[in-house]
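Going by the working numbering, the sequence shown opens with residue 390, and the numbers climb by one from there.
To start, the structure itself, in C-alpha cells.
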Amino acid sequence: MKKYQTTILIIIMAIVSIGINVWPNYERISKEEAEEIALAEAKSSGYDSATLWTEFEQETYKAYVYSSKYNKDIKIWKVSIDTDEHPDILNTPALVYFISRDTGEVIALINAVE
Numbered sequence: 390m391k392k393y394q395t396t397i398l399i400i401i402m403a404i405v406s407i408g409i410n411v412w413p414n415y416e417r418i419s420k421e422e423a424e425e426i427a428l429a430e431a432k433s434s435g436y437d438s439a440t441l442w443t444e445f446e447q448e449t450y451k452a453y454v455y456s457s458k459y460n461k462d463i464k465i466w467k468v469s470i471d472t473d474e475h476p477d478i479l480n481t482p483a484l485v486y487f488i489s490r491d492t493g494e495v496i497a498l499i500n501a502v503e
C-alpha cells in the first residue's frame, strides 16, 4: 500500500504543477472572436462599413489596459477598425476596441471618428 501512496502523490503533484503552469495562460476569447466582437460593436454603433484596419501591417494583438470598472489591469485584445467615415490621410484607425481576453467584454474604446 505504501508504494501506491508514493505513486499517487507523484501523480497528484504532476497534475497540480501542470495546472499551475497552464491555467494563467488560458484565454477564453481567441483573436478571431475578439475581431468579430469589435466588428459587431462597430456595426451596432452605426458604422456599417467597419473593417479591420490593416495599414502598416497592423494586426490585432495582445496587451494590457487599465479598467476603472475593475480597478486593475485587464488582459485584452487590441482590435483596430477602419470605416469609410474616417479619412485615410490621418493614417490611424477609426476605432480601437480593447476586448477582454477572458470575457469578451469591451473594456475601452478609442473613437477617432467623433
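A virtual CB, placed ideally from N, CA and C, is assigned to each residue, including glycine.
Enclosing beta strand (DSSP E) for Ile528 [first to last residue] = Here the chain comprises residues numbered 390 to 503, so residue 528 is not present and cannot be evaluated.
Under the three-state reduction of DSSP, which class applies to Ala452: helix, strand or coil?
-> strand
Taking the DSSP output, what are the residues bridged to Leu441?
-> Ile470.
Shortest alpha-carbon distance to Gln431 belongs to which of Ile407, Glu474, Gln447, Asp462?
-> Note on residue identity: the sequence assigns Ala, not Gln, to residue 431. Looking at Ile407, Glu474, Gln447, Asp462, the one whose alpha-carbon comes closest to that of Ala431 is Glu474.
Should Ile488 and Ile465 be called a contact, given that it needs their Cβ atoms to be closer than 9 Å?
-> yes
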